[in-house]
Amino acid sequence: MNSFQFFKNLFSQARAFAPRFSAASALLIGMFALGLATRAQEQPAHDPATPEPPTQDADQRTDTIPSARLTLKSAVSQALQSSREVALARLQASVAEKSAGITRARFMPNLYTGSGIAYSNGFPQTPGGAAPSLFNLSYIQTVFNPPLRGELRAAQTRTDIQRLEADRVRDNVIVSTASTYFELANVRHALALLRKERSSATRIMDLTRDRVVAGLELPIELTRSELSAARVEQQNLRFEGREDVLEAQLRDLCGLAPDRRVILADQPEMLPALPAAGQADQPLPELVSLGIASSIELKQAQLEYQARQQHLHGERGGYWPTVDVVGEYSLLSKINNYDKFFKRFQRNNLNLGLQITVPIYSANTRAAVDFARANLSAAELQVRSRRTQVENDVRREARYTRELESGREVARLELKLAQEDLRVLQARFDEGRAGLRDMEKLRLEETTRWLAYIDADFEYQKARLELLRQTGQLASILQ
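Just so you know, the sequence shown maps onto residues 70 to 548 in my numbering.
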């Protein structure tokens, strides 16, 4: 149907209402309808199977603002490099390693030297019980000390716990960055749709106002259209505020300057495919096994149990003797009356050998063993509890992901149905058998379905991220 025939049909329909309003009014409404119909023909419906990319209108408001273009992986990489939490976790792992080194130093050679001078009146001695000397050199090294060895092994194991903690913090930063990235992309997509919805709501309100003036509608219909337009405006303002918050949060995560605009290069649906072992539709036993094998929290609990086991083994060795290698050299002087109290004075003196301490009865060792045994029992219960919790978390997250995937599919089909309804009504409108207001209302319905699909897709993406984290696949995919 050409434009002349289309206009003729619309004008004829308008003239049908001539008893209720003038021909000039009918002509005005017909011309207004023709303009809207032409615009509607130029706006094809969206395809839900391939969601359109978020419009970057907000990113192009001005060319003077410096911008940063981020893909999902580049955002994650920058966030890990600039994250204070990750840096702190790595420092804490380094602190744990250095702390274990303090205990390890007891089993390494330790050499001390010193010098001093003192006046002696009577028998030569110092407050520590050693002979006063002009120069002395002491050597000590622990060779066999089971409690100290157990403490060292436990400290080394706890160093591995801190390294795992750094991995856990890393995964949390990845999830936070990816979630913020996806939500910002969805919010910008929603804003692009809301701008179209606001235009449709305004056209409906204007058309309803004209019909009320012409006596074709009750005034309450105008109020309804104004309310719909106000709701669209309110939703638009809410999304704009959320966009500002998310953009600032992503800048902070990635270490970008506060005045830089963030341009997203990837879309929410561009999350890399889940590995075969991490798919939500895999059998639950496989997912649970994968979660148990890769759970950082469970590994930490198991390492803590191992550390306490090593500590108990060391404390039990407290009933055995301890052996230290000791040595001392001293340079003596006659001014300390050595020649008066000893038959023979020797200036250079050296002592070297083993110091063996044999415990005959040690109440401290017995108490330490009981304490270590109680700690080990508590750690064993914590491992069992953590294992059960990991199993339940993986099962719950897998089911939740499937539910969200199903909800996402429902939202997609609802959007597809709204688009098909819009196409049907478009054809009827082209034939002059549908009104403009019906067209705009259905266009508003399509936008509403788009927003529902965007929300469902975002919730599904977040659940996928959490499932990836729980199955240990997150870092390998997004780094």
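The beta carbon of each residue, even a glycine, is placed where N, CA and C say it ideally should be. Given the structure is predicted, the values throughout are model-derived calculations rather than measurements.
To which residues does DSSP link Ser248 through a beta bridge?
Ser248 pairs with nothing; no bridge assigned.
Quick one, which of Ala235, Leu217 and Pro178 has its alpha-carbon nearest Leu149's?
The candidate whose alpha carbon is nearest that of Leu149 is Ala235.
Please go through the same chain and pick out, in chain order, the residues whose beta-carbon is closer than 7 Å to the beta-carbon of Arg385, but skip the five residues on each side of it.
Counting only Cβ-Cβ distances below 7 Å, and skipping sequence neighbours, we find Val438.
Using a Cβ-Cβ cutoff of less than 8 Å, which residues in the same chain neighbour Pro390 once the five nearest sequence positions on both sides are dropped?
These residues qualify, in order along the chain: Phe213, Ile425, Thr426, Val427 and Pro428.
Which same chain residues end up closer than 7 Å to Val256 when comparing Cβ atoms and leaving out the 5 residues on each side of it in sequence?
Answer for Val256: Phe308, Arg311, Glu312 and Leu315, listed in chain order.
Could you check where the alpha helix (DSSP H) with Ile171 kicks off and where it finishes?
First-last of the alpha helix (DSSP H) with Ile171: Arg153 to Arg173.
Which residues in the same chain as Ala270 place their Cβ atom closer than 7 Å to its Cβ, once the five residues preceding and following it in sequence are excluded?
If we look at Ala270 and ignore the five residues flanking it on each side, its Cβ neighbours are Ser297, Ala298, Val301 and Leu513.
Given this structure, state the Cα-to-Cα distance separating Ile273 from His258, to the nearest angstrom.
In a straight line, the C-alpha of Ile273 is about 23 Å away from that of His258.
Do Gly360 and Glu460 have their C-beta atoms closer together than 9 Å?
Closer than 9 Å, so yes.
Is Phe204 helix, strand or coil when you go by DSSP?
Three-state result, Phe204: strand.
Which first and last residues belong to the beta strand (DSSP E) in which Tyr469 is found?
No beta strand (DSSP E) contains Tyr469, which is instead part of the alpha helix (DSSP H) from Ala432 to Asp499.
Going by other Cβ atoms of all chains shown within 10 Å of its Cβ, with 16 needed for buried, is Gly347 buried or exposed?
Annotation note: pLDDT 45 at Gly347 (below 50); position unreliable, coordinate value reported separately. With 16 or more other Cβ atoms within 10 Å, it is buried.
Under the rule that 16 or more other beta-carbon atoms within 10 Å means buried, what is Gly183, buried or exposed?
Label assigned to Gly183: exposed.
Quick check: what's the CA-CA separation for Ser399 versus Tyr208?
Taking the straight line from one Cα to the other gives about 12 Å.
Between Glu466 and Gln539, is the Cβ-Cβ spacing less than 9 Å?
Against a cut-off of 9 Å, the Cβ pair of Gln539 and Glu466 comes out as a contact.
With a Cβ-Cβ cutoff of 9 Å, do Gly599 and Glu220 count as a contact?
The structure shown does not extend to residue 599, since the chain is modelled only from 70 through 548, so no value can be given for it.
Using CA coordinates, which residue listed in Arg330, Leu381 and Leu262 is at the minimum distance from Thr517?
With distances taken between Cα atoms, Thr517 lies closest to Leu262.
Sorted by chain position, which residues of the same chain lie with C-beta nearer than 7 Å to Arg138's C-beta, five sequence neighbours on each side aside?
These residues qualify, in order along the chain: Ile332 and Ala334.
Report the partner residues of Val331 according to the DSSP bridge assignment.
DSSP, once it has assigned bridges, lists Ala137 as partnering Val331.
Measure the CB-CB distance between Arg494 and Leu511 and report whether it falls below 9 Å.
Per the sequence shown, the amino acid found at residue 494 is Leu instead of Arg. Cβ atoms of Leu494 and Leu511: closer than 9 Å.
Below 8 Å on the Cβ atoms is my contact criterion, and I expect Glu210 with Met177 to pass it. Report the Cβ-Cβ distance as a whole number of Å.
It is Gln, not Glu, that sits at residue 210 in the sequence shown. That belief holds up - the Cβ atoms of Gln210 and Met177 are roughly 7 Å apart, short of 8 Å.
Alpha carbon to alpha carbon, how far is Val281 from Ala247?
The straight-line gap from Cα to Cα measures roughly 50 Å.
Just verifying my parser: in three-state terms, what is the DSSP assignment at Leu401?
In the structure shown, Leu401 sits in coil (DSSP, three-state: anything other than H, G, I, E or B).
Thinking C-alpha only, which one of Pro352, Ala432, Ser402 and Leu372 is nearest Gly387?
Of the listed residues, the one whose Cα sits closest to Gly387 is Ala432.
I'd like the span of the beta strand (DSSP E) that includes Ile425, first residue to last.
Unbroken beta strand (DSSP E) run through Ile425: Asn417 to Thr426.
Along the chain, where does the beta strand (DSSP E) that runs through Tyr181 open and close?
From DSSP, the beta strand (DSSP E) with Tyr181 extends over Asn179 to Ser184.
Thr517 by DSSP, collapsed to three states: which one?
Helix at Thr517.
Within its chain, find whatever has a CB closer than 7 Å to the CB of Leu353; leave out the 5 residues flanking it on each side and keep chain order.
Correct list, in chain order: Arg464 and Ala467.
Grab me the residues of Glu252's own chain with a C-beta within less than 7 Å of its C-beta, minus the 5 sequence neighbours each way, in chain order.
Hits under 7 Å: Leu315 and Phe527.
By how many angstroms is the C-alpha of Leu423 removed from the C-alpha of Val392?
The alpha-carbon atoms of Val392 and Leu423 are separated by roughly 7 Å.
What does the Cβ neighbour count give for Tyr430, buried or exposed, with the cut at 16 atoms within 10 Å?
Label assigned to Tyr430: exposed.
Classify Ile230 as helix, strand or coil using the three-state DSSP reduction.
It is helical.
Given this structure, state the Cα-to-Cα distance separating Ser565 from Thr292, to the nearest angstrom.
A query on residue 565 cannot be resolved here, the shown segment of the chain reaching from 70 to 548 and no further.
Candidates Ser268, Asn420, Leu536 and Ala223: which alpha carbon is nearest Ser363's?
For Ser363, the nearest C-alpha among the options comes from Leu536.
Less than 9 Å between the C-beta atoms of Thr226 and Glu166, yes or no?
No, these two residues do not count as a Cβ contact at 9 Å.
Please classify Lys409 as buried or exposed, where buried requires at least 16 other C-beta atoms within 10 Å of its C-beta.
Lys409 should be labelled exposed.
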